[in-house]
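Q: Residue numbers (our numbering), protein chains in the order written: chain S, 1 to 362; chain Y, 1001 to 1362.
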């Protein structure tokens, strides 16, 4: 029992290792301990996920994140068998620069919607998390009430790999969470880099958190990210009737109007909220519901989902082609040498590529 | 002779077919006619290019643009043998939305620098040119004096293929033009899409043409393109002391200051010109010289060239991997069927990718 106790004690830490914290309030902890350690068959995984067993869900995600090919194969089988149970959730991308109050927002919004009977999975997609491990762990411990909410499941971003790889894993994880009964998926990202495009290609609704007062350029948000936003929520607003706040709302609205209208037929909105005080959260959630209804009605929701599924098929092909190529022993041995020749100018970039391709095809 | 006469007669049309117009004023047209039609060996090509023979250069570029593998192989050999003669030019990307006066600008700037002893090649990189064939042809005929300038070589964008493919071909064409003695390369692009990133990855200096008066959002320029600009030239300026012009200069300067400083150490400039009247052209060319000197001195020029060569090696690998995959007969036969299953939701995007990869590896 001491080992089990230990597992419970560091529940807030265990989140970062990819094990959910819900166990700490689960009375049946001995069973959980067993689930966490015994070897599972394919049908153990699939049944466990379908029954909403969080420990088994966590372990399946760990398979997705594993680089071992037998884990990958098993993961693909699990996903395939879970497929009929997927697709019924609302997938929401949430971005904003550090300091905008993203984790407090996710916690407040998460507790609000689970309080309304929804089940929430929170995923992340920043491959940079190896560098910022501390801060991501920090985020999760700051989301303490959500981490202990039995209707919420928090899973940090895989800590290694290229953006493409991490994005694929996050995308696969969405499927498993949906099969486990989570009907709302938040995917968070830091809002300063390339990850947003990847998130945008896997969500139904893209929410950008901003602050009033600072110009968007000062907030480090790239214009391209603003262009993707279905709604901008100005966070940390105590009084939405304040003159400065109203001006910020107007400015963001003007900025959004510069972009061509979205194919969704939805006009991007600007709202205000205070995640800390819990104000504006309900209104924002209603806005998201409106968006979902509107795009369901005009067919955009399904069209976008189809486009995304196709996109991921081709992304995945591209990933696999590259993985196979760059992990080829011949390519591995020669790549740096040939690259050096390109840099010296003794061989063209194209001939270099051809040489490596020839080595690969041997 | 009648055939040759015909070739001369439609010289302005022949530009769009990828044959330079210079022939129309070349007295040795019979020899050119022969060069254009006889079968050439590898060394014919290489020698012809090194001697600055425009007809042979054109034919070599046609090989680069060809999809036939024997043409591709020959083209790669030509590039390889020309490699020692490459790299000595200044490569300049020129972009701006339609209406900004790009072709007049290129013509005026081109005639100015060739008048100063430089040799200029003008390439383009818009794969969309299949659609806008008319307007590109129009551009070239509007560049009539440059098209007939013996020190200038104009080659429109290949009219078919993906952006990646077109970009690779343009990049390869740069090498051949350099080997043929062109010491200045202009690469033009339309300034509204994705092509600019590709151009940016193959040039030393990126010039953005704009108009005064219209906000940049009204001009359809994406923010990301502005961020890449080393200089913004406001074209169609009759009087640079005009209050409105000065305000536009200030506004563009402010806009450029919002971006983080470039690694080049160069602060992006804003200038004015009138390509039609020929004013501001000399100053702009001096500015470009300043940039080249400054980045040569601080080492950025070479660093960027190296980075670009590396980038193109990996881009080229990726292109070839994808070409091989999507042209595989098994993949060709099954791809649409499997994609349909993804859209129906009977198979995951990842399993679909795996299936196609398995077919490919068979």
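Every residue gets a Cβ at the ideal spot worked out from N, C-alpha and C, and that includes glycine.
Which runs of the beta strand (DSSP E) spanning at least 3 residues fall entirely within the stretch 1027-1113 of chain Y, listed in chain order?
A: 1090-1095
Q: Report the rounded CA-to-CA distance for residue 1266 of chain Y versus residue 1295 of chain Y, giving the unit in angstroms.
A: Residue 1266 of chain Y sits at position 266 when you count from the first residue of the second chain. Residue 1295 of chain Y sits at position 295 when you count from the first residue of the second chain. Roughly 8 Å between the two C-alpha positions.
Q: So, for residue 270 of chain S: in the same chain, excluding its five sequence neighbours on each side, which residues have a beta-carbon less than 6 Å away from its beta-carbon?
A: Counted from its first residue, the first chain places residue 270 of chain S at position 270. Counting only Cβ-Cβ distances below 6 Å, and skipping sequence neighbours, we find 232, 249, 252, 253.
Q: Assuming contact is defined by CB atoms lying nearer than 7 Å, are residue 1092 of chain Y and residue 1173 of chain Y in contact in what I supplied?
A: Mapped onto the second chain, residue 1092 of chain Y falls at position 92. Mapped onto the second chain, residue 1173 of chain Y falls at position 173. No.
Q: Along the chain, where does the beta strand (DSSP E) containing residue 1210 of chain Y start, and where does it finish?
A: Numbered from 1 along the second chain, position 210 holds the residue referred to as residue 1210 of chain Y. Counting along the chain, the beta strand (DSSP E) containing residue 1210 of chain Y begins and ends at 1205-1211.
Q: Cα separation between residue 1256 of chain Y and residue 1205 of chain Y?
A: As a position in the second chain, residue 1256 of chain Y is number 256, starting the count at 1. As a position in the second chain, residue 1205 of chain Y is number 205, starting the count at 1. Each residue's Cα considered, the two are about 16 Å apart.
Q: Check each residue of the stretch 1344-1359 of chain Y: if its Cβ is closer than 7 Å to any Cβ of chain S, include it; give the result in chain order.
A: 1345, 1348, 1349, 1350, 1351, 1352, 1353, 1354, 1356, 1357
Q: List, in order along the chain, the chain Y residues whose C-beta lies closer than 7 Å to that of residue 172 of chain S?
A: If you number the first chain from 1, residue 172 of chain S lands on position 172. Result: 1350.
Q: Specify whether the stretch 301-315 of chain S and the stretch 162-171 of chain S touch according to this definition: at least 3 beta carbon pairs, one from each stretch, less than 8 Å apart.
A: yes
Q: Since residue 334 of chain S meets chain Y, which of its residues come closer than 7 Å, beta carbon to beta carbon?
A: Numbered from its first residue, the first chain carries residue 334 of chain S at position 334. Those do not exist, as residue 334 of chain S stays about 12 Å from chain Y at its closest Cβ, beyond 7 Å.
Q: Kindly indicate which three-state DSSP category residue 1306 of chain Y falls into: helix, strand or coil?
A: If you number the second chain from 1, residue 1306 of chain Y lands on position 306. Three-state DSSP puts residue 1306 of chain Y in a helix.
Q: If we cut at 7 Å on Cβ distances, does residue 1301 of chain Y have a partner in chain S?
A: Indexing the second chain from 1 puts residue 1301 of chain Y at position 301. It does not; no Cβ of chain S falls within 7 Å.
Q: Is the CB of residue 325 of chain S under 7 Å away from at least one CB in chain Y?
A: As a working note, residue 325 of chain S is residue 325 in the first chain. True, the Cβ-Cβ gap to chain Y drops below 7 Å.
Q: What does residue 342 of chain S reach in chain Y if we use C-beta pairs closer than 7 Å?
A: As a position in the first chain, residue 342 of chain S is number 342, starting the count at 1. Those are 1309, 1310, 1313, listed as they occur along chain Y.
Q: Does the count of Cβ pairs from the stretch 1147-1159 of chain Y and the stretch 1069-1082 of chain Y closer than 8 Å reach three?
A: no
Q: Taking a Cβ distance cut-off of 7 Å, strictly less, list which residues of the stretch 40-62 of chain S are near chain Y, in chain order.
A: none
Q: Based on the DSSP output, what are the partners of residue 235 of chain S in its beta bridges?
A: Position 235 of the first chain holds residue 235 of chain S. Answer is S:211.
Q: Can you grab the Cα-Cα spacing for the pair residue 1264 of chain Y / residue 1176 of chain Y, in whole Å?
A: Mapped onto the second chain, residue 1264 of chain Y falls at position 264. Mapped onto the second chain, residue 1176 of chain Y falls at position 176. Rounded to whole angstroms, residue 1264 of chain Y to residue 1176 of chain Y spans 27 Å at the Cα level.
Q: Answer yes if the stretch 1291-1306 of chain Y comes into contact with the stretch 318-336 of chain S, meaning at least three C-beta pairs across the two stretches below 8 Å, and no otherwise.
A: Touching, no, given that fewer than three Cβ pairs across the two stretches are closer than 8 Å.
Q: With a 10 Å radius around its C-beta and 16 neighbouring C-beta atoms as the bar for buried, classify residue 1055 of chain Y as buried or exposed.
A: If you number the second chain from 1, residue 1055 of chain Y lands on position 55. When all chains shown are included, residue 1055 of chain Y counts as buried.
Q: Could you tell me the alpha carbon to alpha carbon distance between residue 1097 of chain Y and residue 301 of chain S, rounded to whole angstroms?
A: Here residue 1097 of chain Y refers to the residue found at position 97 of the second chain. Here residue 301 of chain S refers to the residue found at position 301 of the first chain. One C-alpha to the other measures close to 33 Å.
Q: Between S:151, S:68, S:69, S:245, which has its C-alpha nearest residue 112 of chain S's C-alpha?
A: Translated into the one-based positions of the first chain, residue 112 of chain S becomes position 112. When each option's Cα is compared against that of residue 112 of chain S, the closest is S:151.
Q: Using 7 Å as the limit for Cβ to Cβ distance, is residue 1080 of chain Y near chain S?
A: Along the second chain, one-based indexing puts residue 1080 of chain Y at 80. True, the Cβ-Cβ gap to chain S drops below 7 Å.
Q: Between which two residues does the beta strand (DSSP E) holding residue 1188 of chain Y run?
A: Residue 1188 of chain Y sits at position 188 when you count from the first residue of the second chain. Start and end: 1184-1189.
Q: If contact means a Cβ-Cβ distance below 7 Å, which residues of the stretch 80-96 of chain S contact chain Y?
A: 80, 83, 87
Q: Label residue 1307 of chain Y either buried or exposed according to how many other C-beta atoms from any shown protein chain fall within 10 Å of its C-beta, with 16 as the threshold for buried.
A: Translated into positions along the second chain, residue 1307 of chain Y becomes position 307. Exposed: under 16 other Cβ atoms inside 10 Å.
Q: Within 10 Å of its beta-carbon, does residue 319 of chain S have 16 or more other beta-carbons around it, so buried, or fewer, so exposed?
A: Counting from 1 along the first chain, the entry for residue 319 of chain S is found at position 319. That one is buried.
Q: Roughly how many whole angstroms lie between the Cα atoms of residue 1237 of chain Y and residue 1189 of chain Y?
A: Translated into the one-based positions of the second chain, residue 1237 of chain Y becomes position 237. Translated into the one-based positions of the second chain, residue 1189 of chain Y becomes position 189. When rounded, the distance between both Cα atoms is 22 Å.
Q: What are the boundary residues of the alpha helix (DSSP H) that includes residue 343 of chain S?
A: For the purposes of this step, residue 343 of chain S is taken as residue 343 along the first chain, with counting starting at 1. Per DSSP, residue 343 of chain S belongs to the alpha helix (DSSP H) from 329-344.
Q: Could you list which residues in chain Y have their beta carbon closer than 7 Å to that of residue 320 of chain S, in chain order?
A: Translated into positions along the first chain, residue 320 of chain S becomes position 320. Those are 1353, 1357, listed as they occur along chain Y.
Q: Give the residues of chain S in contact with residue 1264 of chain Y, contact being defined as C-beta atoms less than 7 Å apart.
A: For the purposes of this step, residue 1264 of chain Y is taken as residue 264 along the second chain, with counting starting at 1. Those within 7 Å of residue 1264 of chain Y in chain S number zero; the least Cβ separation is about 19 Å.
Q: Would a check of beta-carbon distances place residue 195 of chain S closer than 7 Å to chain Y?
A: By 1-based counting over the first chain, the position of residue 195 of chain S is 195. False, the Cβ-Cβ gap to chain Y never drops below 7 Å.
Q: Within a Cβ cutoff of 7 Å, which residues of the same chain sit near residue 66 of chain S, ignoring the five residues on either side of it in sequence?
A: Position 66 of the first chain, counted from the start, is the residue given in the question as residue 66 of chain S. 72, listed in sequence order.
Q: Where do the N-terminal and C-terminal ends of the alpha helix (DSSP H) with residue 258 of chain S fall, by residue?
A: Here residue 258 of chain S corresponds to residue number 258 of the first chain, with the count starting at 1. Element bounds for residue 258 of chain S: n/a, residue is neither H nor E.
Q: Of all the options S:197, S:203, S:145, which has the alpha carbon lying nearest to the alpha carbon of residue 185 of chain S?
A: The residue you call residue 185 of chain S lines up with position 185 of the first chain. Of the candidates S:197, S:203, S:145, the one whose C-alpha sits nearest the C-alpha of residue 185 of chain S is S:203.
Q: Consult DSSP for residue 125 of chain S and reduce its assignment to one of helix, strand or coil.
A: As a first step, residue 125 of chain S is located in the first chain; it is residue number 125 there, counting from the start. Looking at residue 125 of chain S - three-state DSSP - the assignment turns out to be coil, as it is neither helix nor strand.
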